[in-house]
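First residue of the sequence shown: 2, per this note's numbering; consecutive thereafter.
All remarks here apply to the structure that follows.
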Amino acid sequence: MKIPVYFSVAYSVEGGFDTVRKASEVARSLVEDPIAGVQLVEPRPVDLELLRLVHDSSYIDQVLAGERGQFTEHGSGFVESVLASTGGVVAAVEAAWAEGGFAGSLSSGLHHARYDHDSGYCTFNGLVVGAVRALQLGASRVVIVDFDAHCGGGTASLIERLSDQGIMGIEQVDVSVSSFDNYPSRPGVTCRVVGGANYLVAIDEALTSVIDPESVDLVIYNAGMDAHESAGGAAGVTTAVIRERESRVFEWATHHGCPVAWVLAGGYSSSRFPIDEVARLHRITAEEAARAQEKSTTTPASATD
Numbered sequence: 002m003k004i005p006v007y008f009s010v011a012y013s014v015e016g017g018f019d020t021v022r023k024a025s026e027v028a029r030s031l032v033e034d035p036i037a038g039v040q041l042v043e044p045r046p047v048d049l050e051l052l053r054l055v056h057d058s059s060y061i062d063q064v065l066a067g068e069r070g071q072f073t074e075h076g077s078g079f080v081e082s083v084l085a086s087t088g089g090v091v092a093a094v095e096a097a098w099a100e101g102g103f104a105g106s107l108s109s110g111l112h113h114a115r116y117d118h119d120s121g122y123c124t125f126n127g128l129v130v131g132a133v134r135a136l137q138l139g140a141s142r143v144v145i146v147d148f149d150a151h152c153g154g155g156t157a158s159l160i161e162r163l164s165d166q167g168i169m170g171i172e173q174v175d176v177s178v179s180s181f182d183n184y185p186s187r188p189g190v191t192c193r194v195v196g197g198a199n200y201l202v203a204i205d206e207a208l209t210s211v212i213d214p215e216s217v218d219l220v221i222y223n224a225g226m227d228a229h230e231s232a233g234g235a236a237g238v239t240t241a242v243i244r245e246r247e248s249r250v251f252e253w254a255t256h257h258g259c260p261v262a263w264v265l266a267g268g269y270s271s272s273r274f275p276i277d278e279v280a281r282l283h284r285i286t287a288e289e290a291a292r293a294q295e296k297s298t299t300t301p302a303s304a305t306d
C-alpha cells in the first residue's frame, strides 16, 4: 500500500510566511518528481468539535472570525489554511492508525500554539489535536517526537492541561537546536537543546529514552527541517545528517512496530537558501518513510528476529 501524504491547496497562502506557503512547493515537488510508494491525498478540514477538545472555544471562534492569529492579514485564506492543515494531521493519524503503517501531512505551524492563543506562527496545535484523535480511536499511548529546531513548549503545555483534566496517554520527546519555547522536562515530556556536533547522538538518545516502545500505539513525528544549517538551524546539521535522522526515526518505529503520522514542521528559506531547497529537504521525510516501508515488506521475518 502507498503511503498517503495529505495536502490541500488550502494549506498554502500565497505571499505569506513559509509556514503557510511552503506546502504547495513540497506538493509540487511530489507531483513533478514522484516518490515510489507515496501518494498525495486530499484531507477534510478539521472537525471543530475535536478542535474544541484541545483549544479554548472563544479563541477558536475568534480565529474563525479572522480576529486572532498571526496571519490575519490574509483573511479567509488564512482560516481555510489552518483548518485544512490541522485536518491533514488528523487524517494522517487516522490513516497510520488504520493501516498500522506510515502516513504524512504537509502541515506546518503546530507545536508552539497554546490553549487560548497562537505563538511562534502556530495557530492550532495539530500535534495534540491528532493525539487526542488517536485516543478517540482506541490508542492508549501516543508519543509525539518533535525534532523541529525549536522546542515544542505549546505541545508540552497542552499535554499538561489535558493530563490535569484526566486525559492521559500523550507523551513527548523533543530535541531542538534552539532554546526558543523551551520548557522543563518532566516524566513523559522531555526537552533537550543541543548543538550540531552531537545532534545525531541526541536523536538516538531521545528515541532510546522512550520507555517500552513496543507499547506505543502511535508516533506523531514533527519532522522539522529548520535544524538544517542552511534552513535556520545549527552548523553541522547538513542534508546528510537530516537524511540520517529521518532514516533512524522510521527504522526505530519499524523495529518496535509503531505506526507513524508525520508532518513538515519548520524549515525556512532565505536569500541564500530558496524555498525549492527547503522543499527538497522536506522530501527526505517522505523518501525515508517509503524506504523503511519497502524494507519492512521485503525483509524476511527471520532476519529481524
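Using N, Cα and C, we set each Cβ at its ideal position, and we do this for glycine too.
- Under the DSSP definition of a beta bridge, Q40 partners with P5.
- Within the stretch 75 to 149, the complete alpha helix (DSSP H) runs of at least 4 residues fall at 77 to 100, 127 to 138.
- For R193, the secondary structure class from DSSP, reduced to helix, strand or coil, is strand.
- Counting C-beta pairs with one atom in each stretch, the stretch 191 to 205 and the stretch 229 to 248 have three or more that are closer than 8 Å, which means they touch.
- The beta strand (DSSP E) runs of length 3 or more contained entirely in the stretch 146 to 232 are, from start to end of the chain, 171 to 177, 190 to 194, 219 to 223.
- The Cβ atoms of V133 and V47 lie no closer than 9 Å to each other.
- Bridge partners of W263 according to DSSP: G105, Y222.
- In the structure shown, S58 adopts helical secondary structure according to DSSP, grouped into three states.
- CA-to-CA, the gap between A228 and I145 works out to about 17 Å.
- The beta carbon of V174 sits closer than 8 Å to those of V144, I145, V146, D147, T191, A207, L208, S210, V211, all from its chain and outside the five residues before and after it, given in chain order.
- In this chain, the alpha helix (DSSP H) harbouring E295 covers 276 to 299.
- Following the DSSP letters along the chain, one finds T240 inside the alpha helix (DSSP H) bounded by residues 240 to 256.
- Counting other Cβ atoms within 10 Å of its Cβ, M2 stays below 16 and is therefore classed as exposed.
- S25 sits in a helix when the DSSP states are folded into three classes.
- Per DSSP, the beta-bridge partners of S271 are F274.
- Leaving aside the five residues that flank G89 on each side, the residues in its chain whose CB is nearer than 6 Å to its CB run, in chain order, Y7, P44, S106, S108.
- Contact holds between the stretch 271 to 284 and the stretch 22 to 31, because three or more Cβ pairs, one in each stretch, are under 8 Å apart.
- For a cut-off of 8 Å, the C-beta gap from G155 to A114 is around 5 Å, short enough to register as a contact.
- Within the model, the alpha-carbon separation for A235 versus A99 is close to 37 Å.
- In the displayed model, A235 falls within coil according to three-state DSSP, outside both helix and strand.
- Take A293, set aside five residues on each side of it, and the residues of its chain with a beta-carbon closer than 7 Å to its own are F251, E252, T255, in chain order.
- For the pair V64 and T298, the Cα-to-Cα distance works out to about 44 Å.
- D19 counts as buried, since at least 16 other C-beta atoms from the protein chains shown sit within 10 angstroms of its C-beta.
- L163 counts as buried, since no fewer than 16 other beta carbons sit within 10 angstroms of its beta carbon.
- Rounded to whole angstroms, V264 and D165 show a C-alpha spacing of 27 Å.
- In this structure, A135 places its C-beta atom within 9 Å of the C-beta atom of L219.
- Rounded to whole angstroms, the Cβ separation of A266 and A224 is 6 Å, and the two are in contact under 8 Å.
- Listed in chain order, the non-local C-beta contacts of H118 below 7 Å within the same chain comprise Y60, local neighbours out to five positions each way being set aside.
- Cβ contact annotation for S216 (same chain, cutoff 7 Å, sequence separation greater than five): R142, in chain order.
- Excluding the 5 residues flanking it on each side, G237 has same chain C-beta neighbours closer than 6 Å at G197, A198, in chain order.
- About 6 Å separates the CB atoms of Y12 and S82; that is less than 8 Å, so the two are in contact.
- Using a 10 angstroms sphere on the CB of V10, the tally of other CB atoms stays under 16, which defines it as exposed.
- The beta carbon of S180 sits closer than 8 Å to those of C152, V194, all from its chain and outside the five residues before and after it, given in chain order.
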